[in-house]
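In what follows, a structure is listed as structure tokens, so that the remarks can point back to it.
2 protein chains.
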Amino acid sequence: MMNKQVRLASRPEGLPNDRNWSFGEGPVPEPGDGEVLVKISHISLDPAMRAWMNEGATYIDDVKVGDVMRANTVGEVIESKSEKLHVGDTVQGVLGVQQYALAKPKELLKIDASLAPIQSYLGVLGWPGMTAYFGLRDIGKAKEGETVVISGAAGAVGSVAGQIAKIKGCRVIGIAGGPDKCRYLIDELGFDGAIDYKNENIRNRLSELCPKRVDVFFDNVGGEILDAVLSKIAMRARIVISGAISQYNNPRFRGPNNYMALLTYRARMEGFVVFDYVKECGEAAAEIAQWMAEGKLKAKDHIIEGIENFPSAFLRLFSGEKLGKLVLEV
Amino acid sequence: MMNKQVRLASRPEGLPNDRNWSFGEGPVPEPGDGEVLVKISHISLDPAMRAWMNEGATYIDDVKVGDVMRANTVGEVIESKSEKLHVGDTVQGVLGVQQYALAKPKELLKIDASLAPIQSYLGVLGWPGMTAYFGLRDIGKAKEGETVVISGAAGAVGSVAGQIAKIKGCRVIGIAGGPDKCRYLIDELGFDGAIDYKNENIRNRLSELCPKRVDVFFDNVGGEILDAVLSKIAMRARIVISGAISQYNNPRFRGPNNYMALLTYRARMEGFVVFDYVKECGEAAAEIAQWMAEGKLKAKDHIIEGIENFPSAFLRLFSGEKLGKLVLEV
Numbered sequence: 016m017m018n019k020q021v022r023l024a025s026r027p028e029g030l031p032n033d034r035n036w037s038f039g040e041g042p043v044p045e046p047g048d049g050e051v052l053v054k055i056s057h058i059s060l061d062p063a064m065r066a067w068m069n070e071g072a073t074y075i076d077d078v079k080v081g082d083v084m085r086a087n088t089v090g091e092v093i094e095s096k097s098e099k100l101h102v103g104d105t106v107q108g109v110l111g112v113q114q115y116a117l118a119k120p121k122e123l124l125k126i127d128a129s130l131a132p133i134q135s136y137l138g139v140l141g142w143p144g145m146t147a148y149f150g151l152r153d154i155g156k157a158k159e160g161e162t163v164v165i166s167g168a169a170g171a172v173g174s175v176a177g178q179i180a181k182i183k184g185c186r187v188i189g190i191a192g193g194p195d196k197c198r199y200l201i202d203e204l205g206f207d208g209a210i211d212y213k214n215e216n217i218r219n220r221l222s223e224l225c226p227k228r229v230d231v232f233f234d235n236v237g238g239e240i241l242d243a244v245l246s247k248i249a250m251r252a253r254i255v256i257s258g259a260i261s262q263y264n265n266p267r268f269r270g271p272n273n274y275m276a277l278l279t280y281r282a283r284m285e286g287f288v289v290f291d292y293v294k295e296c297g298e299a300a301a302e303i304a305q306w307m308a309e310g311k312l313k314a315k316d317h318i319i320e321g322i323e324n325f326p327s328a329f330l331r332l333f334s335g336e337k338l339g340k341l342v343l344e345v
Numbered sequence: 016m017m018n019k020q021v022r023l024a025s026r027p028e029g030l031p032n033d034r035n036w037s038f039g040e041g042p043v044p045e046p047g048d049g050e051v052l053v054k055i056s057h058i059s060l061d062p063a064m065r066a067w068m069n070e071g072a073t074y075i076d077d078v079k080v081g082d083v084m085r086a087n088t089v090g091e092v093i094e095s096k097s098e099k100l101h102v103g104d105t106v107q108g109v110l111g112v113q114q115y116a117l118a119k120p121k122e123l124l125k126i127d128a129s130l131a132p133i134q135s136y137l138g139v140l141g142w143p144g145m146t147a148y149f150g151l152r153d154i155g156k157a158k159e160g161e162t163v164v165i166s167g168a169a170g171a172v173g174s175v176a177g178q179i180a181k182i183k184g185c186r187v188i189g190i191a192g193g194p195d196k197c198r199y200l201i202d203e204l205g206f207d208g209a210i211d212y213k214n215e216n217i218r219n220r221l222s223e224l225c226p227k228r229v230d231v232f233f234d235n236v237g238g239e240i241l242d243a244v245l246s247k248i249a250m251r252a253r254i255v256i257s258g259a260i261s262q263y264n265n266p267r268f269r270g271p272n273n274y275m276a277l278l279t280y281r282a283r284m285e286g287f288v289v290f291d292y293v294k295e296c297g298e299a300a301a302e303i304a305q306w307m308a309e310g311k312l313k314a315k316d317h318i319i320e321g322i323e324n325f326p327s328a329f330l331r332l333f334s335g336e337k338l339g340k341l342v343l344e345v
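Protein chains in written order, with my numbering: chain A, 16 to 345; chain B, 16 to 345.
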């Protein structure tokens, strides 16, 4: 039994290419005392992984060249030398792009595979869902009747953020790429409007769809979209900095030139990191699961099979060729 | 008796030049019922005036081409057809770059010329002082023991903000242009350190002077200085957007490319407009005057004489050839 692994071979400039990855196989490791062996079933593909590939600290350490690429995963315990986890338990942990991994129980979260498909714990019930939940609640502070705009609205974070804003009684406008995604936002997720940034003038459409301007902007994208929304913010608006996927592959990362709108509109732009909310995640996931059970919140996973397809699957995060949470099935 | 006036002749691109201004004289107007005639003694020169010269709304309307240039002023009532103000009263109001102006009492604030030199009501006891006071209190929320960095630190707003932060028990580092201003900040205003952005590497000096990084950044300048400080912010830092004087003459206004530091450090960037605090200004001015009487806070006015020198005096705001509050004495 061998363990297929994907390692960071070199640091990319711009979009990662094949030379940045190396494939290898090693023996499946043996758990030591207090450890378990996990057979990974699903690997999460998240925009933040691109930032981890760059040298220098962001909110967590970079991945070192030669190391197995860091990734969030779910899987099953197949050997245990710990009393805290047993063979057959399903777990979530940051175990990397590989088929098997050793871990200590404190590095893993035991998950309930009967409540939802196991890969949901990488998406709507995992970090993306939590990012949407806490970002909207604590940073955006969206209130009933307010206008909320979401960028990357058909993605793993944006689709959940938009639906939670609808549940809270907000007017919700999503920005996404292409007519299919825009239809999905309105027809399936119940958004009040959608803007196709690939084919429409964002500023004109914002003016049409947000006659009272924008109270909360939940931004996953950055770049020109951030500047466009800044030009339409309402008094005391809150801009939630959740990500900047349009800029992660730009060696000349650009910020919002329109930031003086913050002064004109007495507005606030604020960042957050979902890892700060670990203690509250259980409750948040339970609330989201309840909304799903009631049919108020839907989630889509875009599953690609085969660990060997990791490099091309990863690029779909940036090309937008996916709908919902992108997951690699091992 | 004639009334000399400076009007906006055309909108500038970049730094204003002589073609953007026109000089004229008109008869001194007669007050109608309920009006007073003010003889203006001092005209304030403020960076925000540059923004008012551009087409399109910021937080107040732009100045129209052909109109007397808008400016804050102080002066004396010399004729009154209102019971609310009397001949001899000293007043502050936005009366424009001219020698005489009509106004209604509700557009004027009666000031106490015995408490401080009359031009102080354009500086430390006026909008710049209030901007420092409320920006630090409500947006920066600077607490004892925190590290506060101020850009434009030798200017009308920055010098007051830094001294108030010192009074609140903060470690205060100022950024200013040239060794003279830096010496002034440390030797006369009691700052803990100063960075000469014209001759020193801002990032290196920030690392030296802010070993615990930067909790509050009170930014009057924008541009590269904002990016440099963003690279050194502490967890949960607050960036007060007070102005962006480095960019007001830049037709390609640039924002902070480093804004994702807000995410990494769970930080906030927020704008405000001092006009929102009108009701609290009396109390704030009294507190600042008390600090001045106790020798805890100093203010310098840089006075230039002659309304005909308005265009060249105005440019000193951007060249930095001034120390403290720039005022034109009519």
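All C-beta atoms, glycine included, are put in the ideal place defined by N, C-alpha and C.
Item                                                                                                       : Value
Pair within 8 Å by beta-carbon distance, A118 (chain A) and V53 (chain A)                                  : yes
Residue environment, R22 (chain B), which counts as buried when at least 16 other CB atoms sit within 10 Å : buried
8 Å Cβ cutoff, I4 (chain A) in contact with chain B                                                        : Within the shown structure, residues of chain A are numbered from 16 to 345, placing residue 4 (chain A) beyond reach of any answer.
is_contact[V78 (chain A), chain B] using C-beta, thresh 8 Å                                                : no
Residue-chain proximity (R218 (chain A), chain B), Cβ-Cβ < 8 Å                                             : no
Coil, strand or helix - Y199 (chain B) by DSSP                                                             : helix
Three-state class that DSSP yields for M284 (chain B) in the structure shown                               : strand
Own chain residues within Cβ distance below 6 Å of Q134 (chain B), not counting five before or after       : H57, D316 and V342
Under 8 Å between C-beta atoms of D230 (chain A) and V175 (chain A)                                        : no
Nearest-angstrom Cα separation, counted from I165 (chain A) out to Q113 (chain A)                          : 33 Å
Interface residues of chain B facing V244 (chain A) [CB-CB closer than 7 Å]                                : Simply none; closest approach about 13 Å.
Interface flag, Y274 (chain A) vs chain B, CB-CB below 8 Å                                                 : yes
Euclidean distance between Cα positions of I254 (chain B) and R251 (chain A)                               : 16 Å
D291 (chain B) at chain A interface by Cβ criterion, 8 Å                                                   : yes
Interface flag, R26 (chain B) vs chain A, CB-CB below 8 Å                                                  : no
Check whether L60 (chain A) and A328 (chain A) have beta carbons under 8 Å apart                           : yes
Helix, strand or coil at M84 (chain A) [DSSP, three-state]                                                 : coil
Min CB distance F287 (chain A) to chain B below 8 Å                                                        : yes
9 Å Cβ cut-off: residues of chain A touching Y74 (chain B)                                                 : L278, T279, Y280 and R281
Contact list for the stretch 58-73 of chain A against chain B, Cβ threshold 7 Å                            : T73
According to DSSP, residues forming a beta bridge with Y115 (chain B)                                      : B:K54
Buried versus exposed, by CB contacts within 10 Å (16 or more), E161 (chain B)                             : buried
Alpha helix (DSSP H) segment containing L278 (chain B), residue limits                                     : A276 to T279
Secondary structure of Q20 (chain A), DSSP reduced to three states                                         : strand
Per-residue DSSP class, three states only, for Q262 (chain B)                                              : coil
Paired residues, beta bridge with K247 (chain B) - DSSP                                                    : DSSP output for K247 (chain B) lists no bridge partner at all.
Continuous beta strand (DSSP E) stretch holding F206 (chain A): start and end                              : It is not in any beta strand (DSSP E) - F206 (chain A) carries neither H nor E in the DSSP assignment.
Residues bridged to G170 (chain A) (per DSSP)                                                              : A:G339
The stretch 89-106 of chain A in contact with the stretch 35-44 of chain B per 3-pair CB rule at 8 Å       : no
F38 (chain A): first and last residue of the uninterrupted alpha helix (DSSP H) it sits in                 : No alpha helix (DSSP H) holds F38 (chain A); the beta strand (DSSP E) holding it covers W36 to P42.
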